[in-house]
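One structure is given here, and the rest of the page talks about it.
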Amino acid sequence: VLQDQVFVRTREINKAGVSVVMVEQNARRCLQICNRGYVLDQGTNAYTDTGDKLLHDPKVIELYLGTLAS
């Protein structure tokens, strides 16, 4: 519930024209709302793209997001 509010408010702030940098454990949820995403592996940038492309990238799904719900 609180986490939902954080994501809603973050999106509202961004839509108002403010850039937001978010470090989030829930990668799937974060990629759903971000314009640009960076996936780190051992502290190094492994993948960079739009949130939507990263969310649907087979390699990112396999390594970081797990399987998609059917």
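Each number in our numbering corresponds to the 1-based position in the sequence shown with 176 added.
Here a beta-carbon is modelled for each residue, glycine too, at the ideal position from N, C-alpha and C.
Since this is a predicted model, take the numbers as computed values, not measurements.
Next on the checklist: Below 8 Å, how does it come out for the region 234-244 and the region 201-217: are there three or more Cβ pairs, yes or no?
Outcome noted: yes
Next on the checklist: Let's see if you can read the secondary structure: which residues bound the beta strand (DSSP E) around Gly213?
Outcome noted: Gly213 to Asp217
Next on the checklist: Do Gly193 and Ile209 have their beta-carbon atoms positioned less than 8 Å apart in this structure?
Outcome noted: no
Checklist entry - Just the Cα atoms here: how many angstroms apart are Arg204 and Tyr240? => result 9 Å
Checklist entry - Can you name, in chain order, every residue of its own chain whose Cβ lies under 8 Å from the Cβ of Asn211, other than the five neighbours on each side? => result Asn190, Thr226 and Gly227
Next on the checklist: Measuring straight from C-alpha to C-alpha, what distance separates Val184 and Leu230?
Outcome noted: 21 Å
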